[in-house]
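Residue numbers (my numbering), protein chains in the order written: chain A, 4 to 450; chain B, 4 to 450.
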């Protein structure tokens with residue numbers, strides 16, 4: 004509630020053009036809180052408080068904004084302020100931003116940078132999208148392995164303020180080859196006369212700059228790293244991936260997975276400011292595919308139209324049966340997609356997963372069949388109730404198999420398993436489930 | 004693939020009781036990699052390599068295991084080893100573990116601890132489950148605000164090795180009241196003669212130990228904090244929540260939300276080792292509820308049985324229509340649940356969200372109706388195709404409204420919005436969608 008009041012307050016002041024009030028509000032809030040409020044406004048509103056920030060905080064707030072919001076703010080700034088912001092951004096953030104803005108803005112942006120900053124940005128831009136290289140910072144305090152602890156601390160003291168992080172210090176040998184890393188905590192608590200090469204952690208994980216950033220972030224999480232050393236193909240140190248970027252990457256990846264699970268493309272923009280048109284286009288594609296796929300269910304129903312005309316009561320249970328199948332399939336698919344994402348299940352576990360889900364599906368089917376039999380007998384009588392009960396058993400088992408197999412197969416052929424959405428599984432189970440239903444009906448009712 | 008081979012190798016050595024081989028394998032892998040492999044084994048297999056670890060690494064590996072796996076390992080250890088592990092664990096991890104094991108084991112565990120460790124564990128156990136207090140570590144290097152930087156560095160050097168983190172140093176005034184925190188990086192790069200009170204960040208966020216841990220973790224992510232200061236109700240410093248715990252909390256929360264979204268209870272155990280029975284019981288409850296709710300669809304179909312007997316062709320489109328409604332509803336629900344979880348949408352945004360989703364649903368409906376009209380005309384002729392098209396428009400709009408409203412209402416009445424699962428929305432939309440369908444059919448076909 005206090006958050007809500009906060010936002011109202013700022014918006015009101017903007018609407019009244021109460022500059023003193025806005026300045027006061029800004030002074031009372033921290034950069035991430037300000038960014039949070041700005042994200043919820045139209046960019047023409049957001050630019051007003053943004054311009055009233057003093058120079059240092061301007062950058063801090065800017066770095067907390069989503070990339071799409073950053074673009075909007077940049078486009079609203081005039082020449083001088085535009086370049087000041089860009090010049091002061093962290094190189095990794097800047098590279099990502101420039102990689103995303105329209106080409107014209109990107110050219111203007113790169114042109115305004117100092118040669119050193121331009122070089123750094125261009126280097127980061129050379130890495131493929133979603134690779135570690137785009138997210139790493141090249142600004143680290145690098146220690147040579149032959150230094151003493153005392154000398155290393157002096158290096159940290161001298162260069163530390165320019166670096167994005169000093170918690171993890173890359174240690175290099177000759178030719179900038181990464182020997183390992185050392186934590187600042189270890190450095191501070193070590194005997195000052197010791198040599199870095201004697202205390203460096205040489206077994207610490209490292210990744211290549213071209214690797215996908217999501218797996219690097221999950222590795223940091225697993226290994227509890229505050230920063231992860233990034234090397235090139237010749238094991239030379241090129242940058243650090245920091246924990247705050249890792250947190251954001253994991254959150255974004257989870258958001259994407261959840262959207263995909265519901266059969267929608269991920270939307271990067273903030274929900275409050277995103278346009279209706281963007282939402283529609285993110286959701287329409289899969290809906291169209293699924294609707295076309297659902298034509299199969301119409302075909303199946305048509306194929307059994309004669310059976311339906313004979314026993315109209317069979318139609319009554321169609322929504323319930325396909326709903327149940329879809330639910331069981333969605334549960335299995337979601338469980339496997341998530342287990343794959345966090346690394347609990349690997350492709351080679353396919354037989355184990357199938358066997359497990361098959362039993363789970365069967366047990367759920369038996370349980371639900373008992374219930375369906377009761378409901379069916381009460382509503383339409385024993386004969387059809389038995390058909391419904393048997394169908395529930397078969398559909399649940401089948402749905403659990405389909406739901407668990409599809410993400411694993413997607414992964415096997417190199418497709419993100421998260422695209423195997425619950426609606427996709429449900430649609431597949433719908434059509435096949437109807438065939439099962441009518442086959443059982445014909446068998447049991449002898450029609 | 005290399006991961007897969009790794010696991011096979013270790014399991015093979017265990018099956019052959021090849022102790023030398025196991026020792027070699029253990030020496031070649033890092034604690035989190037070992038924990039990852041152990042998690043995938045039965046506890047009777049896992050205990051063998053675990054016992055072969057040397058004492059220091061034993062603890063490191065143990066701390067990387069999931070709580071359920073930790074319990075299994077503890078129960079397999081004899082007296083001495085059991086207490087050694089517990090005594091050396093971080094107090095927050097130990098408290099969580101003891102809070103979860105059977106009472107008999109908990110008593111045995113607490114009894115074996117040294118008085119100081121027992122006191123710390125008991126203090127953490129006093130906090131409610133899922134509160135910050137359970138996850139924080141009380142072992143921080145605390146600085147008094149009147150120290151100089153030089154003196155503070157000496158404190159870090161002396162006490163730093165006992166603390167869980169030295170990156171964020173809580174600064175206290177008299178009576179242990181939290182003044183703010185200082186980052187180790189700032190301390191190292193500051194002039195040695197300056198006073199802590201002049202460089203401490205007094206505006207840094209802090210949380211109370213009784214607050215929910217998930218929101219604290221999300222705050223750390225938003226504010227890019229490597230550790231978050233925790234205070235009691237009188238603003239006294241009581242502990243730090245560290246980024247590695249925050250990462251795990253966010254991952255676990257996302258996993259839970261995803262499971263709930265698919266209409267299943269979250270399962271804490273590793274997918275590979277979890278029993279079929281646990282999976283069934285996590286999934287059965289919602290399936291039963293949804294099946295009973297789906298009885299509504301049978302009732303609706305029954306109410307329109309006369310209409311169905313007159314125009315059997317109407318039955319053909321039932322699976323397609325309710326499937327489409329379910330899909331649109333699931334997309335909306337998932338988008339809003341996620342936006343609520345990451346803080347993009349708040350309860351007070353209800354009107355904004357409804358208005359947006361209403362338009363999104365209508366536009367999707369128009370798009371899909373055109374397609375359905377085409378499919379319908381081709382398969383069964385114009386009259387029924389028009390009924391189907393009109394129904395698609397109405398159902399999509401209705402589903403988007405229901406899907407977005409339910410999570411917000413759940414949140415408003417204090418229920419986790421993630422329990423509003425896609426299957427729940429789909430089931431609700433199914434029954435109401437059928438009423439819409441048959442009403443439109445009667446109107447247009449004049450029956």
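Glycine residues also receive a C-beta, built at the ideal position from the N, C-alpha and C atoms. Quick caveat: nothing in here was measured; it's all calculated off a predicted structure.
Whole angstroms is fine: what's the gap from residue i's alpha carbon to residue j's?
i, j, result
"residue 8(A)", "residue 351(B)", "Bear in mind that the predicted position of residue 8(A) carries a pLDDT of just 48, short of 50, making it unreliable; the figure below should be weighed with that in mind. Their Cα atoms are separated by approximately 10 Å."
"residue 6(B)", "residue 182(A)", "Annotation note: pLDDT 43 at residue 6(B) (below 50); position unreliable, no value reported."
"residue 200(B)", "residue 409(B)", "49 Å"
"residue 263(B)", "residue 197(B)", "52 Å"
"residue 116(A)", "residue 245(B)", "37 Å"
"residue 233(B)", "residue 187(B)", "18 Å"
"residue 422(A)", "residue 22(A)", "48 Å"
"residue 309(A)", "residue 303(A)", "12 Å"
"residue 97(A)", "residue 384(B)", "57 Å"
"residue 36(A)", "residue 159(A)", "31 Å"
"residue 379(B)", "residue 329(B)", "20 Å"
"residue 284(B)", "residue 290(B)", "10 Å"
"residue 207(B)", "residue 162(A)", "24 Å"
"residue 431(A)", "residue 382(A)", "28 Å"
"residue 175(B)", "residue 92(B)", "26 Å"
Could you spell out where the beta strand (DSSP E) holding residue i opens and where it closes?
i, result
"residue 482(B)", "Past the edges of chain B, shown from 4 to 450, lies residue 482(B), and the structure says nothing about it."
"residue 229(A)", "Residue 229(A) -> no beta strand (DSSP E), and no H or E assigned at all."
"residue 242(A)", "240 to 245"
"residue 171(A)", "171 to 175"
"residue 210(B)", "209 to 211"
Report, in whole angstroms, the separation of the C-beta atoms of residue i and residue j, which I expect to be a contact under 8 Å.
i, j, result
"residue 399(A)", "residue 327(A)", "7 Å"
"residue 76(B)", "residue 45(B)", "That belief does not hold up - the Cβ atoms of residue 76(B) and residue 45(B) are roughly 12 Å apart, past 8 Å."
"residue 13(B)", "residue 38(B)", "Incorrect: roughly 12 Å between the Cβ atoms, too far for contact."
"residue 223(B)", "residue 249(B)", "5 Å"
"residue 226(B)", "residue 135(B)", "Incorrect: roughly 15 Å between the Cβ atoms, too far for contact."
Excluding sequence positions up to five away, which residues of its chain have a Cβ less than 7 Å from the Cβ of residue i?
i, result
"residue 4(B)", "Unreliable positioning characterises residue 4(B) in this predicted model, as indicated by a pLDDT of 36, which lies under 50. A coordinate reading is not provided."
"residue 348(A)", "339, 342 and 356"
"residue 300(A)", "433, 434 and 437"
Could you name the residues of the same chain whose beta carbon sits closer than 8 Å to that of residue i, not counting the 5 residues immediately before and after it, in chain order?
i, result
"residue 195(B)", "151, 152, 153 and 156"
"residue 414(B)", "343, 350 and 420"
"residue 43(A)", "10, 273, 275 and 276"
"residue 447(A)", "386, 389, 390 and 393"
"residue 55(A)", "22, 25, 26 and 29"
"residue 124(B)", "94, 97, 98, 101, 113 and 116"
State the start and end residues of the unbroken alpha helix (DSSP H) segment that holds residue i.
i, result
"residue 60(A)", "58 to 67"
"residue 136(B)", "135 to 138"
"residue 350(A)", "Residue 350(A) -> no alpha helix (DSSP H), and no H or E assigned at all."
"residue 54(B)", "46 to 55"
"residue 415(B)", "385 to 415"
"residue 444(A)", "425 to 448"
"residue 322(B)", "321 to 344"
"residue 35(A)", "34 to 42"
"residue 143(A)", "Element bounds for residue 143(A): n/a, residue is neither H nor E."
"residue 24(A)", "22 to 31"
Enumerate in chain order the residues of its own chain whose CB-to-CB distance from residue i is below 6 Å, with the five nearest sequence positions on each side excluded.
i, result
"residue 166(B)", "142, 143 and 144"
"residue 443(A)", "390, 393 and 394"
Give the residues of chain E in contact with residue i, contact being defined as C-beta atoms less than 8 Å apart.
i, result
"residue 333(A)", "Looking at the structure shown, chain E is missing, and the protein chains on hand are A and B."
Point to revise | Residues in the stretch 255 to 271 of chain B having any Cβ partner in chain A nearer than 9 Å | key: 257, 258, 260, 261, 262, 264, 265, 266, 267 and 270
Practice item. Return the residues of the stretch 317 to 328 of chain A that lie within a Cβ-Cβ distance of less than 8 Å from chain B, sorted by chain order. Key: 318, 319, 320, 321, 322, 323, 325, 326 and 327
Practice item. Could you name the residues of the stretch 218 to 245 of chain B whose beta carbon sits closer than 7 Å to any beta carbon of chain A, in the order they occur along the chain? Key: 224, 225, 226, 227 and 229
Exercise for review: May I ask you to list, following chain order, the residues of the stretch 184 to 216 of chain A that have a beta carbon less than 8 Å from some beta carbon of chain B?
Suggested key: 187, 188, 191, 192, 206 and 208
Practice item. Pull out every residue of the stretch 407 to 434 of chain A whose Cβ sits closer than 9 Å to any Cβ of chain B, in chain order. Key: 424, 425, 426, 429, 430, 433 and 434
**Study point:** Positions along the stretch 169 to 183 of chain A whose CB lies within less than 9 Å of some CB in chain B
**Key:** 169 and 170
Review point. Just by C-beta distance, which residues in the stretch 79 to 101 of chain A are closer than 9 Å to chain B?
Key: none
Point to revise | Residues in the stretch 25 to 59 of chain B having any Cβ partner in chain A nearer than 9 Å | key: 33, 34, 35, 36, 38, 39, 42 and 43
Exercise for review: Residues of the stretch 359 to 371 of chain B with a CB closer than 7 Å to any CB of chain A: list them in chain order, please.
Suggested key: 359, 362, 363, 366, 367, 370 and 371
Practice item. With 7 Å as the limit, tell me which residues of the stretch 339 to 350 of chain B have their beta carbon closer than that to any beta carbon of chain A; keep them in chain order. Key: 341, 342, 345, 347, 348 and 349
Review point. What residues from the stretch 272 to 290 of chain B come within 7 Å of chain A, judged by C-beta to C-beta, listed N to C?
Key: 273, 274, 275, 279, 282, 283, 286, 287 and 290
**Study point:** Within 9 Å of chain B by C-beta, residues of the stretch 136 to 160 of chain A in sequence order
**Key:** 156, 159 and 160
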